[in-house]
Amino acid sequence: MERANLDFANLPFAFQDTDKNIRYYFKDKKWSEGELTSDTTVTISMASTCLHYGQEIFEGLKAYERADGKIQLFRIEENAKRLQRSAKKLLMEPVPIELFREAVHRVVKANARFVPPFGSGASLYIRPLEIGISAEVGVKPSNEYLFMIFVTPVGPYYKEGLTPVKLRVEEVIHRAAPGGVGDIKCGGNYAAGMRATIGAKAEGFSEVLYLDSKESNFIDESGSSNFFAIKGNKFITPESESILPSITRLSVVRIAEDMGMEVEQRPVSLNELPDFDEAGCLGTAAVITPVESVTYRDEVFTYAKDGKVGPKVLDLYNRLTAIQLGEAEDPYGWTEVVE
Ligand code: PLP
Ligand code: COI
């Protein structure tokens with residue numbers, strides 16, 4: 141296999157076309173055989189439910205090349221299960237777990253030359269999405285769906301990479317509310333948050349930290365990742381019904397427990413900001429991104445001095461990425477090879 145001619149060590153987190161994407165249609169109550177295509181466009185009715193009523197859900201996961209040249213996936217089953225939960229909440233057709241797995245394996249294999257080389261610091265980002273495509277004008281669920289996956293080689297989500305980022309507490313805009321859809325991965329949540337993120341970036345921050353929309357007192361999450369903080373030997377991370385249950389967080393909580401850290405998953409109040417020693421963001425794109433500071437009104441709480449990553453955040457990052465890249469043994473059964 142001849143690898144794609146790309147500057148893998150300097151890739152941005154941006155869309156880049158590859159050889160193939162894969163599509164499955166749900167029609168007449170059954171899923172089609174998946175079709176690999178090099179066409180990046182989609183033709184659907186202008187009355188599709190995804191375009192008007194937001195029947196659009198997606199996932200994000202990554203493939204990595206290991207030192208032995210094999211391609212490895214991380215926790216694919218969790219992404220498959222989360223896509224099903226998202227589908228059920230928006231009355232969409234759940235994609236069977238096995239179909240999801242087959243689709244990911246097929247599309248990664250078909251684009252193997254785009255998997256960044258081991259040691260490049262980049263990975264192949266996998267973006268599955270599902271949309272309602274039957275033509276409706278009344279508000280009701282579609283009876284036809286398109287499930288597709290594209291892949292794209294990416295570098296770090298924040299241009300800073302493992303350099304700590306600055307966050308700002310967002311007091312005005314909320315991305316989600318209790319009883320809403322903040323706990324699933326639907327496009328509408330990102331539309332709701334775009335003003336906040338773009339506004340914070342214009343002020344020199346990398347992202348915002350959202351607050352619970354009921355009391356504006358508890359930390360929810362960031363626009364594209366979950367939040368955690370370190371206090372002594374404690375790993376503290378918000379419990380909230382309006383945040384996306386991050387698969388990276390699920391994994392890091394387990395790693396932290398096995399390191400002997402005390403894990404507290406509970407509502408985290410803004411009043412605790414002065415107490416933390418270190419902080420970070422957790423996500424597929426963000427991996428573990430250290431937080432340099434959180435700005436709340438005119439106060440700045442600093443968790444990484446002079447851009448230096450704190451010891452606990454660095455330790456967690458090294459342990460997580462060693463498993464993801466196949467450098468360390470995977471005692472949890474989180475990884476699988478694309479054959
Ligand atoms: N929270 C939001 C809003 C996200 O978009 C993401 C990214 O997927 C996460 C959290 C992290 O989730 P995961 O670790 O499963 O990628
Ligand atoms: C991910 O981490 O997979 C995400 O979906 C985050 C972002 C790119 C929206």
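In this text, residue positions in the sequence shown follow the numbering used here: the first is 141, and each later residue adds one.
Yeah, the Cβ is synthetic: ideal placement off N, Cα and C, and Gly gets one too.
Which same chain residues end up closer than 8 Å to residue i when comparing Cβ atoms and leaving out the 5 residues on each side of it in sequence?
i: D159; result: S178, A250, N251, R253 and F254
i: E343; result: R308
i: V321; result: K229, L230, G328 and N329
i: E404; result: K374, F375, I376 and T377
i: P293; result: A144, L146, F148, L151, Q156, T158, F254, V255, P256, A262, S263, L264 and Y265
i: T180; result: D157, N161 and F290
Apart from the five residues just before and just after residue i, which ones in its own chain have a Cβ nearer than 7 Å to its Cβ?
i: D415; result: K371
i: L456; result: V392, I395, A396 and I428
i: Y436; result: V309, L410 and L413
i: E205; result: I211, V255, P256, P257 and F258
i: V470; result: Reading the sequence as shown, one finds Asp at residue 470 and not Val. Cβ neighbours of D470 beyond the five flanking positions: I463.
i: C326; result: G194, E196, I197, S226 and L230
Which term fits residue i, buried or exposed, when burial requires 16 or more other beta carbons within 10 angstroms of its beta carbon?
i: G466; result: buried
i: G272; result: buried
i: A149; result: exposed
i: V291; result: buried
i: A332; result: buried
i: L352; result: The amino acid at residue 352 is misidentified as Leu; the sequence shows Asp. D352 should be labelled buried.
i: N366; result: buried
i: V277; result: exposed
i: F155; result: exposed
i: S172; result: exposed
i: Y472; result: exposed
i: N219; result: buried
i: R406; result: exposed
i: P304; result: buried
Measure the beta-carbon distance from residue i to residue j and round it to whole angstroms, keeping in mind my assumption that it falls under 8 Å.
i: I289; j: A203; result: Wrong, their Cβ atoms sit about 11 Å apart, outside the cutoff.
i: L223; j: E284; result: That belief does not hold up - the Cβ atoms of L223 and E284 are roughly 17 Å apart, past 8 Å.
i: I162; j: V247; result: 4 Å
i: S504; j: P257; result: Residue 504 is absent from the structure shown; the chain starts at 141 and stops at 479.
i: Y297; j: S364; result: 7 Å
i: A419; j: A369; result: 4 Å
i: P268; j: F198; result: 6 Å
Apart from the five residues on each side of it in sequence, which residues of its chain come closer than 6 Å, Cβ to Cβ, to residue i?
i: D208; result: none
i: I184; result: I273
i: H245; result: V478
i: H484; result: Nothing about residue 484 can be reported from this structure: the residues present for the chain run from 141 to 479 only.
i: Y165; result: S172 and L286
- Task: Please go through the stretch 173 to 230 and give each complete alpha helix (DSSP H) segment of 4 or more residues, from N-terminal end onward.
- Result: 189 to 192 and 216 to 229
- Residues with a Cβ closer than 5 Å to any heavy atom of the ligand COI, in chain order? In chain order, the residues positioned with their C-beta nearer than 5 Å to some heavy atom of the ligand COI are G200, S364, G423, T424 and A425.
- Message: Quick check for students: name the residue ranges of the beta strand (DSSP E) that lie wholly in the stretch 365 to 450, counting only runs of 3 or more.
- Response: 366 to 371, 374 to 378, 402 to 406, 418 to 423, 427 to 436 and 439 to 442
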